[in-house]
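S.K.: In our numbering, the protein residues as written are 724 to 842. Idealized CB from N, CA, C, for every residue including glycine. Computed from a predicted structure; not experimentally measured.
#1: Which runs of the beta strand (DSSP E), 3 residues or longer, sit entirely within the region 735-782?
#2: Let me check one thing: in DSSP terms, what residues is residue 823 bridge-paired to?
#3: Excluding the 5 residues preceding and the 5 following residue 827 in the sequence, name in chain order all residues of the same chain whose CB lies nearer than 6 angstroms to its CB.
#4: Helix, strand or coil, according to DSSP, for residue 838 in the structure here?
#5: Using the DSSP secondary-structure output, state which residues sit across from residue 786 in a beta bridge.
#6: By the 10 Å Cβ neighbour count, where 16 or more other Cβ atoms means buried, how is residue 772 classified, buried or exposed?
#7: Could you pull out every residue in the same chain whose Cβ sits closer than 7 angstroms to the Cβ of residue 778, ignoring the five residues on either side in sequence?
#8: Give the single residue among 789, 732, 785 whose Cα lies nearest to the Cα of residue 804.
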């Protein structure tokens, strides 16, 4: 099991799904019981995430983003509807609402992103 983790995506930087310049590092993934994951996200200057939704086959998808380091400018998270919308804490439903991150300017942005799906 541990060898599989070492050979997998765990604790290794990879390109983000949206092919828009951000990187992600898998910290935790569970498919037993409550399906969940945790990623450390790195947004270099010039990166962004276009508006999109993250559909799931079944259940309700929730995501909690904790902004560890803001960029000097840009890098703003925008969502059609948030459950919690504080300056550094964002809780939202990525399966229901379109969301995006504006272009990062001036300095990199770092985020801890924790997601789970409830049946």
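M.R.: Looking at the atomic coordinates:
#1: 736-738, 746-753, 758-766, 772-775
#2: 801
#3: 766, 768, 770, 794, 797, 798
#4: strand
#5: 815, 838
#6: buried
#7: 818
#8: 785
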